[in-house]
Structures are given as C-alpha cells and as structure tokens.
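First residue of the sequence shown? That's 5 in my numbering, and the numbers climb one at a time after it. All residues carry an ideal CB built from backbone N, CA and C; glycine is no exception. Bear in mind the structure is a predicted one, so any value in this text is a computation, not a measurement. Remarks on the structure that follows.
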Amino acid sequence: MLALLSRLVSQASDKTLWIADENSKPLLQRGLTYRGALLSNRWDIVKQAQACGIKSHFSDFDLAACSQDVQQIIYPVSKEKAAVHHVINAAATTLPVGGELVLLGEKSSGIKTYAQKAAQRCQTAKNLQKHGNEYLSISTVNPESANGVALDDSDYLTLQQPAALGGLYSKPGQFGWNKVDVGSALLAEHFPSSLPEGQANIVDLGCGYGYLSARIAQLGDYRITATDNNAAALRSCAENFEKLDIKGNVLPGDAGSEIPANSADLVICNPPFHQGFQVEGDLTDRFLEQAARILRPQGKALFVVNEFIPLGKKAQRFFSTSECLEKSKGFCIYRLTKQ
Ligand SMILES: C[S@@+](CC[C@H](N)C(=O)[O-])C[C@H]1O[C@@H](n2cnc3c(N)ncnc32)[C@H](O)[C@@H]1O
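Here is the structure:
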C-alpha cells in the first residue's frame, strides 16, 4: 500500500485532502513533500505531518470542517468499517461535482467491497484498478451523487451510550468502543489497594473513552489527566469527564507526550498493542518510558497487559521495582514503582 500511496501523494495538487490513519504513518516517518492538506484522527500522525511541513487537521474524521476547496480525497482505508463508511458518506456530500474519492488498500483491507460501496454511494460506475498487491478505487462525484443512499456508519459522529458501558459515553472510531475491556476491568479491581494518599494527580495513559478514569474517580479526591492519541477517544472521554464531573482534563498526546515530567503520583494504563493493520513492537516500551517520565520520584504505575508481554522484564529499564499483582483471564496486572 505504501508504494501506491507514495505515488498518489507525490502527484497530488494543493486541492487534495489526504485522510491518514495509522496505516499512513510509515510514509510520513520517511519524510516527504506533499502539496495538499492532511486530516487524521491520530495525534502522532498530525505531529509527524506538521514536521514534514504539511498543513494538517486533527479531528475525528470531520471532513465538513476541512474540505472547502478540496477536489480530491485520498484515503488508504482504515481497519474499522464504520470509519470507512463515514468517510465515503462524508466525501460524497462534501466534494464538489467532478471531485474524486480515491480509496486504496491491500486485498485483505476489504478494498474491493469498499470500491463497490463508494460507487453505489456516489451513484457512479465502479472503477477498481489492481497495482501489484494493492488496489485503487476512484469514484467521481456527479449530480446524481446527492441521491445516493448513505452507508451504515454506526452513526459515526454521534456520542452514544452503549448498553455495556453502564451510562458512559463512547462512539465508533476507537478501540473497543462499545464494550468494557476485560483487562481494564481486571486492572480497576486493583485500584483500591494501590491508591495514592490525599489529593493526588493521576494520569490515565491511553484513556480510550475514559473507563479507567471513571472507575478511579469514584475512589477519592483526585485530579485526573486523561490522554490518548485518537480523536474519537478524546471526544468520548471529555464527554464522560463532564458528565461525571471528574476533576482534571483530557489531552491529546502520543503516549503522554504532552504531560509534564515528574507531575503524577499514579499512572494507570492499558497500553495499545496493535496499530491499524500493523503490530507496533516498541509501543509497550514507549508507554513504560513515558509513564516513568511523567511520574514523580516514588510514584507508581498500574499496568495491565496480555500475559505474553514480558512487562516485568521491560519495566526494569525504567522502574526500580515491578510486582505482578495478578495473572488471570489471559492478562497480567503489574504495579511498578519509580526510583
Ligand atoms: C487497550 S486501549 C485502552 C483504552 C482504555 N484505557 C480502556 O481501558 O478502555 C489502548 C488505548 O491507547 C490508545 N493509543 C494507541 N496508541 C497511542 C499512542 N501512541 N499514544 C496515546 N494513546 C494511544 C488507543 O487509542 C486506545 O484508546
């Protein structure tokens, strides 16, 4: 996918909008010249794009807010169906007549089905091209596109209250948006025995919709900073902070990059493992390193990870002690203490 994307990006005009999620990150990491604008729901990608001098928007794929004057949208399809359907729907209504929606992906990404759906939504003939292992779909907006039926995007832009979350808000476009993660629920059971004293500062690293923050906020008078890389997660978490009157704030960041050093008494974290279609090997290490940086001396971190991740061993580089508090249901809970 990167070879094809790289070619498209090099041919783009200043009226091109590149919608980038984690699958575009390796291209940006290499550094590149690109004339159009970029929209991403990921904070690290927006930062990376800005470092390449690209005009970038960070939002939950809010096309309406940034597609004025755009003639072409290039979108390497995301992993989540609701996000792809949302982008196709939004492109069909925001691009002018004659504008192009270009989707690309490998066979396993579902690109063939998306090409069909984009054509249906734009009321145009399917145009799917094969380039090695990659596929390119081009749909041109025409006067009939206004009559196309919207694809089911699980009400992508709306904050929702899925039944399993006991009243918390969430929405599509983020990790496990409509369920409580088993590992996170297990981690929360250990909060009562590891609480900091008094009015402590707590950081929820990779907060998602804010499940861990909501659980720990009930247990004391804490100031909680919740941070995530994903715009959908941040929107949901901010809504939950407001609804539950949680003291603190919700910030974008790459593994806590925007949080001052030595500022927290406790870090709570269920770190990510997968990024889009890739597994990012160093993610756990980055989360550990950032947790140690954010904590004040003697501060503690509570982590939950899949049991096959050797967190205790990895933590030795950044923490003075590491205890495995529980191993069950395929997860391990660790308490780490900073020097
Ligand atoms: C396993 S989920 C846990 C979510 C939430 N804490 C919970 O317990 O439900 C990991 C979270 O890390 C976020 N994440 C992924 N990469 C990140 C990064 N580089 N920086 C910050 N957060 C990231 C994901 O968006 C996701 O919300």
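Ala305: not part of any alpha helix (DSSP H); member of the beta strand (DSSP E) spanning Leu299 to Asn310, first to last residue. The continuous stretches of alpha helix (DSSP H) do not include Lys59, which lies in the beta strand (DSSP E) extending over residues Lys59 to Phe62. Fewer than three Cβ pairs drawn from the stretch 289-302 and the stretch 234-254 lie within less than 8 Å of each other, which leaves the two stretches out of contact. In this structure, Gln33 has its beta carbon at no less than 7 Å from each heavy atom of ligand 1. Per DSSP, the unbroken beta strand (DSSP E) holding Arg227 starts and ends at Arg227 to Asp232.
Taking C-beta atoms as the reference points, Leu155 and Cys126 fail to come closer than 8 Å. Excluding its 5 nearest sequence neighbours in each direction, Glu311 has C-beta neighbours in its own chain below 7 Å: Lys331, Gly334, Phe335 and Cys336, listed in chain order.
The Cβ neighbour count for Pro196, taken over all protein chains shown within 10 Å, is under 16; the residue is labelled exposed. By the neighbour-count definition (other C-beta atoms within 10 Å, threshold 16), Cys273 is a buried residue.
Just measuring C-alpha positions, the residue of Cys328, Ser324 and Gln302 sitting nearest Pro314 is Cys328. When the alpha-carbon of Ala119 is set against those of Val81, Ala150 and Ala87, the nearest one is in Val81.
Around the CB of Lys111, fewer than 16 other CB atoms lie within 10 Å, so the residue is classed as exposed. Exposure of Leu223 is indicated by the presence of fewer than 16 other C-beta atoms within 10 angstroms of its C-beta. Across the set Gly303, Gln302, Leu99 and Phe323, the C-alpha of Phe323 shows the shortest separation from the C-alpha of Asp289. The alpha-carbon separation between Glu201 and Asp225 amounts to approximately 9 Å.
Cβ-Cβ separation between Asp66 and Asp258: approximately 20 Å, too far for a contact (criterion under 8 Å). One Cα belongs to Ser60, the other to Val74, and the distance between them is close to 14 Å. For Pro276, the closest of Glu26, Thr97, Ile78 and Ser17 by C-alpha to C-alpha distance is Glu26.
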